[in-house]
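The structure appears below as structure tokens.
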Amino acid sequence: MGVVVALAVLFGLHDPVLAVIHRVQLAASSSTVGHIQIVMGALALVVAAPIAVGFSARRRTPMAMPGDGPSRQASPTTFSRLSTRALGTQFSAAAMYTVVALAYAEIPIAGHVAAPARTRAVMSHVHDWIMARRRGMLGAIVAVLGVFLVTTGMGHV
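Numbering (the numbering used here), first residue to last: 9 to 165.
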């Protein structure tokens with residue numbers, strides 16, 4: 009399914025996506041965008057600290073989340089940036105994106121088929137490590153995003 013969407017974006021939506029990206033780039037070149045990025049970055053930095061230390065304003069209730077799976081789709085901007093390249097280059101980029109995206113699901117599956125006990129042990133260890141650090145990792149990601157927004161915004165002002 010990902011290949012079909014990537015090809016549809018590559019061939020069917022090429023011109024409309026380029027037009028939208030051009031309009032967004034024109035809007036993003038104003039100094040107002042820089043001020044908005046600085047404010048959003050500062051807000052992200054303010055929110056990052058409580059996330060990292062585990063503060064929560066609401067009561068936590070366990071909730072089942074649906075699996076993400078390999079159904080992530082390629083961003084239209086990925087292919088629009090290749091618009092000046094040859095058709096073969098664009099197709100190769102779409103194919104490589106799909107291969108890399110599917111590798112996240114296929115490698116653990118292949119490991120489970122080849123060595124189920126070892127794969128289960130490794131995946132359990134990775135899961136436990138991530139679960140023990142998930143709040144701090146989320147806080148760090150939000151902080152990095154905040155710093156990125158502030159520095160990018162300062163470049164536009």
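The beta carbon of each residue, even a glycine, is placed where N, CA and C say it ideally should be.
Boundaries cannot be given for A94, as no alpha helix (DSSP H) includes it and DSSP labels it neither H nor E. With a cutoff of 8 Å on beta-carbon distance, A14 and Y105 are scored as near each other.
Positions of the alpha helix (DSSP H) runs, each at least 4 residues long and wholly inside the region 36-65, are given as 39-61 in order along the chain. Less than 8 Å divides the Cβ of L157 from the Cβ of A52. In this structure, G161 and H43 form a Cβ contact; the two beta carbons are roughly 7 Å apart against a cut-off of 8 Å. Three or more Cβ pairs closer than 8 Å define a contact, and the region 112-124 falls short of that threshold against the region 23-37. A113 carries a helical assignment under DSSP once its states are collapsed to helix, strand and coil.
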